[in-house]
Structure formats: C-alpha cells, structure tokens
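In what follows, a structure is listed as structure tokens, so that the remarks can point back to it.
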Amino acid sequence: MAYNDVYQSWKTDPEGFWLEAAKGIDWVKAPVKALSDDKAPMYEWFADSMVNACWNAVDRHVENGRGEQVAIIHDSPVTHSKREITFVELRNRVANLAGALRAKGIGKGDRVIIYMPMIPEALEAMLACARLGAVHSVVFGGFAANELAVRIDDCTPKAIIAASCGIEPGRVVHYKPLLDGAIDLATHKPEFCVIYQREQEVAHLEEGRDYNWHGFQYGVEPAECVPVEGSHPAYILYTSGTTGQPKGVVRPTGGHLVALNWTMKNIYNVDPGDVFWAASDVGWVVGHSYICYGPLVHGNTTVVFEGKPVGTPDAGTFWRVIEEHKVKSFFTAPTAFRAVKREDPTGEFVKKYDLSGLKAVYLAGERADPDTIVWAQDHLKVPVIDHWWQTELGYPAVCNPVGIELLPVKLGSPSVPLPGYAMKILDDNGHELPAGELGAVVTPLPLPPGTLQTLWNAEGRFKKSYLEHFPGYYETGDAGMIDEDGYLYIMARTDDVINVAGHRLSTGGMEEVLAGHPDVAECAVIGVSDALKGQLPVGFLCLNTGADRNEAEVVSEVVKMVRDKIGPVAAFKLAVVVDRLPKTRSGKILRGTMVSIADSKPYKMPATIDDPDILDEIAAALKLIGLANG
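Numbering of the sequence shown is given in our numbering, commencing with residue 8 and proceeding in unit increments.
In structure tokens form, the structure reads like this:
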C-alpha cells in the first residue's frame, strides 16, 4: 500500500485501523473496542484490554525463539567499554530486579523514579517497573537536586533507582550527592533507594534507606509479568512548562505499545533483528520511545550509546558505531549533526567508515535546517528524514513514512501527517488559514493511541495547556504552514513568531537563511523588543572550525542574505558571532532565555541547561551590539 492508501484507511475507519495495528501486540485480554469517548475530551484507547509492556518488549521474543538475539548493545566511548545483552539475559536480569522491587513492596500503580546515565541498567530499571505494573518516571541523570526534588514531590515515588555517577568527556558527574540533596529538599521521602555502583565512583550508601543494586537482588524470586489495563499509565515523563512547574506527561500502556510497534516498520523501515540506534538519552522522550520500548517491542537490537557526537574521541564516533554494530536506521537531533559538521565540514571522517548497512537517517528534537540535511545527504548518501513530534505525543506525527513509501523530500519540511493526525493551521481566532500562511499548528481530537492521556495530578492544566485555546483541537504550541501538497513546515514555537512592524515573521525562516552561509556551522535568531517596530530580529552565529574569517564581514554577508531572501520587511540588521549557543541537554536552543537577556528582563536559570556559563557569554555578545545590560 502507498502512503495515501494507508492514510485514507485510517481516515475512513480510525478505530478499525488501530485495532488492526493492535494485532502486533501480545495481549492478556485483547481489546474489543479501540476508543472510549465517554470522558471526552479525555479520550482513552484500548481501555477494555489487559496487557504488560515488559512481556511485549522482552519475554515474548524469548518465547518465540529469539532469546539468543542481542537485545541491547552498550557502546561507551567515555568508559572505553562495550557489551551485549541478549533477550534471554535481559529477561532474567529484569525479572530478578522486578522480584527484588516486589519483595520491597513495589506493585501496580506505585511510582518509581529512575535517575541513571546511558547504561543498560537504566533500561532494565524501566522494564522491571513495567513488569510489575509500577509507573516509572525517568529523570535525566545529573539533573540539579532542586529540580529532582520538585519531581519527587509531584509523583511521590515509593522508590528511587539511581547510579553512583555519570561519565562526561573529561569529568565524572556525581549523582549520589545530587540525589541525597534532592531527598533532603523534597517534602515526600522515598521508602528506599537502589544504587548501581559504577567502578568510576563508589558512592556512600545511607544505612536503612539505600541498597546496592547487586546485593539488593540477591536471593530473591524472579517476578512474572503483571497484567494492567490498556489505559494504565506506563510512565510519567516531565517536560518543562512555561510556568516553571514541571508537566508530567502520562503515557497509557496499551496505546503506547501499539503505536510504537507500528512506527518501527512503517516509519523507520526496520524488521525484527535489525539494529536500530537512537542517539538520545533515556531521560528524554526519544529514549523512552526509541531506545527502550519501540525497538525492543518490535524485536530490534537497540544501541545504548554513552558518549557525544564530537570529542569521544572525534567527529567520527557516530560513523564508527554505525559501521561496527551494523546500524540500519539511525535517529539523532539536528544539533548533533551540526556539531559534527562544524568539526568536519568536508566530511573527511565519514570517508573512513563503511556505512553500506545504513539505509536512512532520521532527525527530530528541533527544526532541521536545510543546510544540515543537505550536508548529511551529500556525505552519507542515504535519505535524511526530518520528522516532527513532541514529548506529549510520544512518537512521530508528521514524517516521510519510509517504510510505507519514500515520498519526495522537501527541504525544511518534515513532510506529511501520519495516521492519527490531520494537521491544520489556524489563526489566533481559530479560523483555518490557506496554504502558505503562517499560524498555529493544531490537530483534531481525539489524538491517536500512545499520546499523552493527561498531565500527572494536573488535569486542569492539561486542558488549559493543550485543549482550551482551540476547542476540538490539540494545540501543539508550534507555528508553521502547510503547502499546496499538504506538506507541513514547522517554523518556530508559537512564542518564536515575531511581529516586526505588524508583519508576522518566523525566526526559523531567518535561521534557514543564516545556516546557508558557507562559514556558519550553527545559528539562532530571536526577537528583541524595539520601541519603533515592536520587535527586531537578532542573529547569533557559530562559525565552522577552521573558518578564518573577519567576523564583521560574515555578519555583513548574512544581513545581505536575509535581505535578499526574505526582504527588507524582516528588518534584519543585527547579528553577532559567538563560540556556542545556550542549549538544553537534549540540544534545544534556549531562545526564550536569550530573549530575556536581550530585553534585560529577569529569568529563571533553565533546569535543563547544558552549561550555565554560556549565558554570560551571550550577555557579553549582546552588550557588544548595544543590547542587554551585560
């Protein structure tokens, strides 16, 4: 079937479409009804079913004769180590950990926070919770103590599973003191903690509360899989909220399994047994969907990578991993490719490796600028697929569906909506806009299976954040447009659409132009307050390694490029060269914080910032061009 056939089959019979997809999952009690709408707009999928996520990700492959297949490859250039875990080994390890948790009173519905680096034990902890019907909440390893404390108080975990440390290039990140500090700060106290002691640092254990990972599991009975309702929460994943309060996205189990399993073949075009690699972290939604659950449920080998795109040891580390582990489908963030491109603009490292097994590359997490896609296409010689989704949605909503049909690629667009989504562009008053006009990106309710069910302990905030502004629709918070062929273009977060003298302009469109300059490795555009025009765009440019250019000349050239390609209406005259951009640990540029600095407004240090010192550098750069108080 071609894409149009598949999409039309969903439109014609949405419930029948998802019930057919549900046949790819092992059910304890198979769903008879797909959608429950009696609580609309709080829709539920497969609520009449019983299922277990760990069984589907692990046990069933052992039962079906795939036990000796490698389930997890751990590749850790920061510790110079590699190991492989088969499905049968994974089943035994997870059953033992689940048995130990059960012996300490963890059961269905209990919450467990997981605070670990990129090691297989992080996946084992997630799967052990799923085995018992416990609800895990993974917090990015190394997160600040106060932010971890906020999450402890919000989801009130009975237990916390953590590691003694994380390893970054050139440094050890001490997790245990951060965990201890968080528990001290939190009003809610966990009953116990399980600590995986890494050889790089053995942490002090609090007597009576903390247990060593290995000793904790000694002599316990392995646990069997506990059936849960299809609507039972699989996990809570916190995403940053504009109010400063964390938003705990709740993922229902049944729909989560059905949707992820469907995407592995239809989007990522992998078959059971193929090696799939998502270069992300278990602390983010990509880590949940496409390091842990998606590949394992589908019977793929998943790569758990503990390293960076550059510096561990060089800009060729991605290509080494792909060659060595025979990766067929590779998923990363555009910011990772920009880092590689900056270090290796001519692709010399790519030439050193045999990438013949790689069939496609997928980019998500932020807007993929055309220049980065072209660089990757030219050097990797495979389709480079930009696709769009969110923590809330859990898997791609708009994508070129490679496993169904490779559609024509349009640079700057993540392509077309997938089954479950019918994207529209609305103005502020909820009126649909014609092709090519910029507005709010929405999709009609109900959302498809596997998307957020609600926010943890915050149903009112869920409705206010996503459902109230445009009744009958899910509001994505992104701004974009749809062309005459139905391709969606995500141009910016709604907050990043700037108003210059009455003209609504996308900062993403300007970034696209700046990224096209041969010396620019990475860039960002923000809108700063202006008494005359309301807002003015300001560009930040990071130059390629080895680009020996006069900075003022580069600024002059990009200003002319924006004038030529977007027009004088953009009023783009200010740009500055910086060494790096402030980002979250997942690679998103902190544009909102940059705007606050430029407008000399107070701001809260973002919890997810990768390096707080960069903000001082941004303030100094803005001061040079007459903005901010420095």
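No residue lacks a Cβ here, since even glycine has one placed at the ideal position from N, Cα and C.
Member of the options whose CA lies at the smallest distance from the CA of residue i
{"i": "Met-57", "options": "Val-405, Pro-253, Val-35", "result": "Val-35"}
{"i": "Asp-434", "options": "Lys-115, Ala-442, Asp-376", "result": "Ala-442"}
{"i": "Leu-370", "options": "Val-146, Arg-109, Thr-339", "result": "Thr-339"}
{"i": "Lys-595", "options": "Arg-374, Trp-17, Val-368", "result": "Arg-374"}
{"i": "Val-532", "options": "Leu-418, Asn-63, Glu-331, Lys-580", "result": "Lys-580"}
{"i": "Gly-237", "options": "Pro-613, His-263, Glu-213, Met-133", "result": "His-263"}
{"i": "Val-507", "options": "Asn-59, Asp-537, Gly-515, Tyr-480", "result": "Asp-537"}
{"i": "Leu-474", "options": "Lys-567, Thr-450, Gly-226, Trp-463", "result": "Thr-450"}
{"i": "Glu-444", "options": "Val-201, Glu-491, Val-95", "result": "Glu-491"}
{"i": "Arg-598", "options": "Ala-499, Ile-411, Val-289", "result": "Ala-499"}
{"i": "Cys-406", "options": "Pro-415, Glu-412, Ser-422", "result": "Ser-422"}
{"i": "Val-13", "options": "Asn-273, Tyr-218, Pro-176, Lys-196", "result": "Asn-273"}
{"i": "Pro-613", "options": "Leu-130, Gly-222, Gln-252", "result": "Gln-252"}
{"i": "Ser-472", "options": "Lys-254, His-195, Asn-99", "result": "Lys-254"}
{"i": "Cys-200", "options": "Gly-215, Ala-286, Gln-207", "result": "Gly-215"}
{"i": "Asp-385", "options": "Gly-372, Leu-413, Lys-348", "result": "Lys-348"}
{"i": "Leu-539", "options": "Ala-578, Pro-127, Ile-80", "result": "Ala-578"}
{"i": "Asp-361", "options": "Asp-378, Asn-63, Arg-327", "result": "Arg-327"}
{"i": "Glu-51", "options": "Pro-176, Asn-63, Gly-261, Pro-544", "result": "Gly-261"}
{"i": "Ile-497", "options": "Lys-431, Met-271, Val-584, Ile-32", "result": "Lys-431"}
Where residue i falls, given that 16 or more other Cβ within 10 Å makes a residue buried
{"i": "Thr-353", "result": "exposed"}
{"i": "Gly-546", "result": "buried"}
{"i": "Ser-88", "result": "exposed"}
{"i": "Asn-153", "result": "exposed"}
{"i": "Ala-429", "result": "exposed"}
{"i": "Pro-403", "result": "buried"}
{"i": "Asp-161", "result": "buried"}
{"i": "Gly-140", "result": "buried"}
{"i": "Gly-467", "result": "exposed"}
{"i": "Tyr-182", "result": "buried"}
{"i": "Asn-71", "result": "exposed"}
{"i": "His-211", "result": "exposed"}
{"i": "Gly-427", "result": "buried"}
{"i": "Ser-645", "result": "Missing from the structure shown is residue 645; the chain here goes from 8 to 637 and no further."}
{"i": "Arg-178", "result": "exposed"}
{"i": "Met-8", "result": "exposed"}
Supposed contact pair residue j and residue i - C-beta distance, whole angstroms, cut 8 Å
{"i": "Glu-529", "j": "Cys-549", "result": "4 Å"}
{"i": "Val-561", "j": "Gly-401", "result": "The Cβ separation is near 40 Å, so there is no contact."}
{"i": "Gly-342", "j": "Thr-246", "result": "This sequence places Thr at residue 342; Gly is not what is there. Contact doesn't hold; Cβ gap of about 18 Å is too wide."}
{"i": "Gln-542", "j": "Ile-505", "result": "4 Å"}
{"i": "Trp-220", "j": "Tyr-203", "result": "4 Å"}
{"i": "Ala-346", "j": "Pro-316", "result": "5 Å"}
{"i": "Val-119", "j": "Leu-97", "result": "So it is not a contact: roughly 18 Å between Cβ atoms."}
{"i": "Ala-105", "j": "Ala-151", "result": "Actually they are not in contact, since the Cβ atoms of Ala-105 and Ala-151 sit about 30 Å apart, beyond 8 Å."}
{"i": "Pro-240", "j": "Asn-59", "result": "Not quite, the Cβ-Cβ distance comes to about 14 Å (not below 8 Å), so this is no contact."}
{"i": "Val-304", "j": "Asn-268", "result": "5 Å"}
Whole-angstrom distance between residue j and residue i, CA atom to CA atom
{"i": "Ser-171", "j": "Asp-526", "result": "42 Å"}
{"i": "Thr-93", "j": "Val-311", "result": "14 Å"}
{"i": "Ser-420", "j": "Thr-309", "result": "27 Å"}
{"i": "Gly-186", "j": "Ile-298", "result": "According to the sequence provided, residue 186 is Leu. The question's Gly does not apply to it. Computed Cα separation, rounded: 24 Å."}
{"i": "Val-391", "j": "Trp-382", "result": "10 Å"}
{"i": "Gly-523", "j": "Val-357", "result": "21 Å"}
{"i": "Leu-521", "j": "Thr-552", "result": "17 Å"}
{"i": "Glu-330", "j": "Ala-605", "result": "44 Å"}
{"i": "Ala-230", "j": "Leu-108", "result": "9 Å"}
{"i": "Asp-44", "j": "Ile-121", "result": "33 Å"}
{"i": "Thr-615", "j": "Thr-591", "result": "5 Å"}
{"i": "Gly-437", "j": "Cys-61", "result": "42 Å"}
{"i": "Glu-519", "j": "Phe-283", "result": "29 Å"}
{"i": "Ser-16", "j": "Pro-424", "result": "14 Å"}
{"i": "Asp-82", "j": "Ala-559", "result": "43 Å"}
{"i": "Tyr-77", "j": "Glu-91", "result": "One point to set straight first is that residue 77 is Val, not Tyr, in the sequence displayed. Their backbone Cα atoms lie some 6 Å apart in a straight line."}
{"i": "Glu-27", "j": "Ala-110", "result": "38 Å"}
{"i": "Ser-607", "j": "Leu-452", "result": "40 Å"}
{"i": "Cys-232", "j": "Thr-194", "result": "32 Å"}
{"i": "Arg-556", "j": "Met-133", "result": "49 Å"}
{"i": "Asp-55", "j": "Ala-465", "result": "24 Å"}
{"i": "Pro-415", "j": "Pro-408", "result": "11 Å"}
{"i": "Gly-173", "j": "Leu-365", "result": "30 Å"}
{"i": "Ala-129", "j": "Gly-149", "result": "14 Å"}
{"i": "Asp-571", "j": "Tyr-480", "result": "37 Å"}
{"i": "Ala-367", "j": "Tyr-275", "result": "8 Å"}
{"i": "Asn-307", "j": "Ser-296", "result": "13 Å"}
Exercise for review: Indicate whether the contact test is met: 3 or more Cβ pairs, each with one atom in the segment 454–462 and one in the segment 483–493, closer than 8 Å.
Suggested key: Because the criterion of three Cβ pairs below 8 Å is not met, the segment 454–462 and the segment 483–493 do not touch.
Exercise for review: Would you check if there are 3 or more beta carbon pairs closer than 8 Å linking the segment 622–637 to the segment 188–203?
Suggested key: No, the segment 622–637 is not in contact with the segment 188–203.
Review point. With contact counted as at least three CB pairs below 8 Å, one residue from each stretch, are the segment 103–115 and the segment 143–153 in contact?
Key: Judged by pairs of C-beta atoms under 8 Å, the segment 103–115 does not touch the segment 143–153, as fewer than three such pairs exist.
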